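Below: one structure, written as structure tokens.
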Ligand SMILES: [Zn+2]
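Numbering (our numbering), first residue to last: 7 to 353.
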């Protein structure tokens, strides 16, 4: 038992942690995609209102989901998906999270992304609104130092925000490098501030979870049973839509489109639908000339090309005359009347 504990490290690799972080980042685009396609396919005003408040709706759902996961599985939804959990790390010893640790984790995983997102959108708005002013300001900056405070703050925010983000990103990267080289057990500065580390779930953890699940199932009220059913449904939906979204993203990615085009050959072009086979010529019909430029009726190069209902092309006058007499396509003998003949215009 001790041997197996020594062999299987409880510290997850950086790949497991970045996969888990990737899953949580992928949930929001998937949710937005789901909501948008829902509002496009149903003309319902309720769904439309939901798209207006999509950030708030998403944050509420994530708060509910993460609260449930933290209280039941000692980790976030994405942690649990990759078999991970969060623990306190005190004096080089691992301890279960206290309620305040779970609360701060809930804030960091559910609410902080909401506020960061709002800040990014606000910055984009300000930069767009003040684009011309910012440019002017660059030119007159040295001459005119007396600016109003609010203008100054706006400018400082518009210019400083990208630098602050870059700085923060490199700080995060630095932490991840330290983690990768086993210099720290904290995957991110935020976890370091919390004093929380991420570990692998053990066999004991899984046993405890299933015992707790059974117990709660026996003692729970109708309402809590329904809410846990709803959360399980939410979980499945989120995973399915995150995977589906990744698949769509890949399918429509420029690399994959060019790959498919080169597979389909030059003729297929952008069209992903395979070309249907031509209808079979009838034994009692006229022969199709080997040269595709020639009209099967007069065997000369087609003049004013036109198609019968079968899709075969002839000179307009040839097919017009033939169909008015025989009421069928001369090649396939598929029934056709004069009204079904279409001229082909090649612009
Ligand atoms: Zn002809």
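We put the beta carbon where it would ideally sit given N, CA and C, even for glycine.
These numbers were taken from a predicted model, which means no experiment stands behind them.
Option in the options with minimal Cα separation from residue i
i           : options            : result
residue 122 : 100, 94, 168       : 168
residue 322 : 187, 312, 257, 59  : 312
residue 34  : 183, 343, 67, 112  : 67
residue 59  : 210, 38, 71        : 38
residue 136 : 118, 161, 343      : 161
residue 175 : 100, 196, 254      : 196
residue 116 : 64, 210, 132, 183  : 64
residue 26  : 36, 52, 75, 88     : 88
residue 95  : 350, 190, 348      : 190
residue 112 : 98, 70, 184, 310   : 70
residue 129 : 101, 158, 166, 102 : 166
residue 186 : 351, 350, 352, 23  : 23
residue 194 : 295, 291, 114      : 114
residue 295 : 183, 318, 281      : 318
residue 238 : 352, 75, 328, 41   : 75
residue 29  : 352, 251, 315, 223 : 251
Bounding residues of the alpha helix (DSSP H) (the contiguous stretch that carries residue i)
i           : result
residue 113 : Where residue 113 is concerned, there is no enclosing alpha helix (DSSP H), given that its DSSP letter is neither H nor E.
residue 324 : 322-332
residue 230 : 228-257
residue 70  : 60-79
residue 195 : 195-200
residue 293 : Neither: residue 293 is in no alpha helix (DSSP H) and is coded neither H nor E.
residue 86  : 83-87
Secondary structure of residue i, DSSP reduced to three states
i           : result
residue 104 : coil
residue 182 : helix
residue 20  : helix
residue 93  : strand
residue 314 : coil
residue 44  : helix
residue 352 : coil
residue 300 : strand
residue 205 : strand
residue 341 : strand
residue 126 : helix
residue 11  : Reliability of the predicted coordinates at residue 11 is poor, the pLDDT of 42 falling under 50, and no value is obtained from them.
residue 148 : Caution is warranted here: a pLDDT of 49 is assigned to residue 148, below 50, making its placement in the model unreliable, and the coordinate value is therefore given only provisionally. Residue 148: coil per DSSP, three-state reduction.
residue 275 : Because the pLDDT of residue 275 is 47, which lies under 50, any placement of that residue in the model is unreliable, and the number read from its coordinates should be weighed accordingly. Three-state result, residue 275: coil.
N-terminal and C-terminal residue of the beta strand (DSSP E) that residue i is part of
i           : result
residue 347 : Careful: residue 347 lies outside any beta strand (DSSP E) and carries neither H nor E.
Any non-hydrogen atom of ligand 3 within 7 Å of residue i CB
i          : result
residue 41 : By its list of ligands, the structure shown excludes ligand 3, since it contains just ligand 1.
Task: Touching by the beta-carbon criterion (3+ pairs, under 8 Å), the stretch 199-214 and the stretch 95-114 - done: yes
- [ ] Spell out a yes or no on whether the stretch 285-293 and the stretch 333-342 are touching, meaning 3 or more CB-CB pairs, one atom from each, closer than 8 Å.
- [x] yes
Task: Closer than 5 Å: residues whose CB approaches a heavy atom of ligand 1 - done: With 5 Å as the limit between CB and the heavy atoms of ligand 1, the residues that fall short of it are 301, 303, 304, 321, 324.
Task: Three-pair Cβ contact test at 8 Å for the stretch 73-89 versus the stretch 179-195 - done: no
Task: contact_flag[the stretch 299-306, the stretch 317-333] where n(CB pairs < 8 Å) is 3 or more - done: Enough Cβ pairs lie closer than 8 Å, so yes.
Task: the stretch 14-24 touching the stretch 205-216, judged by at least three CB pairs closer than 8 Å - done: yes
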